[in-house]
Amino acid sequence: MQTGARSNSSSQRSSRARGVCRRMPTPAPLIAVLALVWLFVPIAAAQQLNGDVERLIRDSSIANAEVSIAAIDLDSGALLLAIDDDQPRIPASNMKLLPTGAALIALGPDHVFRTEFHVVGDRLIVTGSGDPAVGDPDLLEENSPGLTIDALLSALVDRIRRDAAAGVREFVLDDRGFDRERQHPTWDPEDVNKSWQPEVAGLNFHANTLAVFAAASPDGPGARPNVTIQPQTDVVRVDVQGRSVTRSRTTAWVARARSANRFTLFGNVRGPALSPIRVPVYDPPAFLGDLLAERLTGSDGVPAVRLAEASERFDRPAPVALVKTPLVDIVQRCNTVSQNLYAESLLKATGHAITGEPGSFSNGGASVRMLIAARLSPAAAAATVIADGSGLSRDNRITAGTLVEWLRYFHRNDELADLYRDSLPTRGLGTLRRWFRDAPLETDLRAKTGYLTGVRGLSGYLVHPDTGRTVAFSILINGVGAGAGNAESRALTERIVRQLDAYLASVGAVATAPRPAGANLGG
Numbered sequence: 021m022q023t024g025a026r027s028n029s030s031s032q033r034s035s036r037a038r039g040v041c042r043r044m045p046t047p048a049p050l051i052a053v054l055a056l057v058w059l060f061v062p063i064a065a066a067q068q069l070n071g072d073v074e075r076l077i078r079d080s081s082i083a084n085a086e087v088s089i090a091a092i093d094l095d096s097g098a099l100l101l102a103i104d105d106d107q108p109r110i111p112a113s114n115m116k117l118l119p120t121g122a123a124l125i126a127l128g129p130d131h132v133f134r135t136e137f138h139v140v141g142d143r144l145i146v147t148g149s150g151d152p153a154v155g156d157p158d159l160l161e162e163n164s165p166g167l168t169i170d171a172l173l174s175a176l177v178d179r180i181r182r183d184a185a186a187g188v189r190e191f192v193l194d195d196r197g198f199d200r201e202r203q204h205p206t207w208d209p210e211d212v213n214k215s216w217q218p219e220v221a222g223l224n225f226h227a228n229t230l231a232v233f234a235a236a237s238p239d240g241p242g243a244r245p246n247v248t249i250q251p252q253t254d255v256v257r258v259d260v261q262g263r264s265v266t267r268s269r270t271t272a273w274v275a276r277a278r279s280a281n282r283f284t285l286f287g288n289v290r291g292p293a294l295s296p297i298r299v300p301v302y303d304p305p306a307f308l309g310d311l312l313a314e315r316l317t318g319s320d321g322v323p324a325v326r327l328a329e330a331s332e333r334f335d336r337p338a339p340v341a342l343v344k345t346p347l348v349d350i351v352q353r354c355n356t357v358s359q360n361l362y363a364e365s366l367l368k369a370t371g372h373a374i375t376g377e378p379g380s381f382s383n384g385g386a387s388v389r390m391l392i393a394a395r396l397s398p399a400a401a402a403a404t405v406i407a408d409g410s411g412l413s414r415d416n417r418i419t420a421g422t423l424v425e426w427l428r429y430f431h432r433n434d435e436l437a438d439l440y441r442d443s444l445p446t447r448g449l450g451t452l453r454r455w456f457r458d459a460p461l462e463t464d465l466r467a468k469t470g471y472l473t474g475v476r477g478l479s480g481y482l483v484h485p486d487t488g489r490t491v492a493f494s495i496l497i498n499g500v501g502a503g504a505g506n507a508e509s510r511a512l513t514e515r516i517v518r519q520l521d522a523y524l525a526s527v528g529a530v531a532t533a534p535r536p537a538g539a540n541l542g543g
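Here the sequence shown stands for residues 21 to 543, where the numbers follow my numbering.
Spelled out as C-alpha cells, the structure:
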C-alpha cells in the first residue's frame, strides 16, 4: 500500500515536471477500502436501527396493531428496515403515490389536460379529458386572487356568445374519456355529502362541489340563517332547516339527495359566513351544462342539456374557449393536499391512456398494476390490490416493500425523479403542516400521509441536505383502535421517522464519492 502510494506520487511529480497534468487511477487496494466503507457503515447502522424500531413498536400502546415498515438507503442499497414489509396492508391515502406516479409514466410529464368548448351551428359541445382542476375554487384563490368562479363562468359564456351567431339551442357534454361510474361501490355511502368524496367524471367543474355559505340572521336567535351559494345559480336551491344562534357554536352541515341536486342545510349558525360548507353535486357534467345554459340564455329559456351518447360523433372546429392544466400541477396538488378527486382522475386517465377505452376504476387499477409488474416485478403486482386511486376504499392492499420499491424506481428515473419527489409535501406544508412539531428533523422530509379510521400511513423520502443522500421509507399501520390509538399511531410513526432521520444524519456524509465501479451492493 505504501509502495503503491509512493510510486503514484512519483509518477505524478514526473508528469507535472513534463508539463502534463493527468488524473491518475485510484489504486486497487484503495478502491476496496472505499467499497468496504460504503458497504459496512450503512449495514452496521441498519442492524441497530431495525432493533431500535422493533423496540419502539413493542413499547407503544398499539403493539397489537399490524405494523409494516420498509426503508432503503437509496445510495448504498442497504435495506434499513424490513418489518413485515411483505404483508399487504390498507394504505389509505398512501395509495395516491401509485396513480400520481403511473400518470407521469403513462401520460408523460409534459402532458396537458384540455377542456374544450366548441360551437357547431346552434349546438355547444363541451369536451372533457377528466381534468379535475377546472374551476377548482382553491386553485382560483391561490393562483388568481379576486377571480371568482362566477367570473370564470361569465368569461366562458362571453366567448361562447361571441361565436354562437345562431344562438345555442342544445348543450352536449362529452365526458366519454371516463366511464360514468362516478362513485366507487366500496366507498362509504354515508359520505356522499362529504367534500372529500365527490363524484368523478370525464368532465369536472368546481371540484364537483357546491359551496354553501351560511350566516346568522340579523333577526336573532331561532331565525332561519341567510344562505348564499357558489356558483350562483337558480338551477339548485338550498332548503334551510337550520337556525341562528348567538351562544352555541356553529354546527351547520348540508345534505344532498342521493340522485338529484337538492340540498338541505341543518344545524346551528352563529356569526357571519367565514368559510363555505362544500358538498358534492350530482352528475357534475350536467351541472356544468346547466350553469352555462342558464347564463347564456338568461330569460330566453334554457336550452336542452344532455350527455353525449356512447356512439355519437361530432365535427369539432377550433374551440372557442379552452381550459388547460399541466399534468405536473395536478400531481403536485394531489400529493401535497391529498385531493381525492385528483387521484381518481389520474387513475382513470391512466386507464384511458393505456387501454384506449373510457377510463374506469377497473382499467385504471389494472393499468397501474401492469406498470408495477413492468417497473418493479410481477410478484409486487400480484400482491397489490387497487380498488381506487385515492385510498378511500378499504379494499386496497399494498405492501410497505412495494411502496419503497416504487419510490426507488422514481428516484432512479432522471426524467421524473424531481417532479415526483417534489410533489410530496414537506414539513409545514399540505398534509404535513402539523407533523413533527416537537423538534426539527435534521434531514429534509418529503412524504405522503395516509389516514382512515384504524389506518395510518406515511411513505416518502428523507434527503440529507448537504449531500443529497436519500432514504426511501414506508410505514403502514392497520388495526388501530379509535380515540387514543389514532394519536399513538401517529406518534409512533414520527418516532420511527426520527430514527431514520438520525441514521441518515449520521451516515449522510459517509462514502459520498461515486460508488466503486463493479461493486454489487444490492441497490
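For each residue, glycine too, the CB sits at the ideal point set by N, CA and C. As the structure is a prediction and not an experimental result, all values here were calculated from the model.
Asked	Found
Check the DSSP bridge columns for I103 and list the partner residues they point to.	I89
Measuring straight from C-alpha to C-alpha, what distance separates I77 and V388?	32 Å
Can you tell me whether Y440 is helix, strand or coil according to DSSP?	helix
State yes or no: is the C-beta of P218 within less than 7 Å of the C-beta of P300?	yes
According to DSSP, is N498 part of a helix, a strand, or is it coil?	strand
Do P205 and L367 count as a contact pair if the criterion is CB distance below 7 Å?	no
Cβ atoms of V348 and V154: under 7 Å apart, would you say?	no
Quick one: using the 10 Å Cβ neighbour count with 16 as the cut-off for buried, is F225 buried or exposed?	buried
Would V424 and L316 be called neighbours here (beta carbons separated by less than 7 Å)?	no
Is it the case that the Cβ atoms of A272 and A234 are separated by a distance below 7 Å?	yes
Quick one: residues in its chain with C-beta nearer than 6 Å to the C-beta of L461, no 5 flanking neighbours on either side, listed in chain order?	D521
Contact defined as beta carbons within less than 8 Å: I believe P245 pairs with A236. What is the distance between those atoms, to the nearest angstrom?	6 Å
Terminal residues of the continuous beta strand (DSSP E) containing I145?	143 to 147
Give me, in chain order, the residues of the same chain whose beta-carbon lies closer than 6 Å to that of T345; leave out the 5 immediate sequence neighbours on both sides.	F133, D151, A153
Please confirm whether T284 and A293 have their CB atoms less than 7 Å apart.	no
Drop a sphere of 10 angstroms on the beta-carbon of E364, count the other beta-carbons inside from all chains shown, and report buried for 16 or more, exposed for fewer.	buried
I'd like to confirm the pairing. Which residues does DSSP put opposite L230 in its beta bridges?	V299
Go ahead and pull the three-state DSSP assignment for S526.	helix
Of the choices W207, R75, N70, V87, whose alpha-carbon is the least far from that of R510?	V87
Determine the extent of the beta strand (DSSP E) in which V258 is found, giving its start and end residues.	257 to 260
Look up I125 in the DSSP assignment and say whether it is helix, strand or coil.	helix
Specify the secondary structure class of P305 as computed by DSSP and reduced to three states.	helix
Helix or strand or just coil, what does DSSP make of R428?	helix
Quick check on this structure: which residue in E190, L117, A171 has the alpha carbon closest to the alpha carbon of D142?	E190
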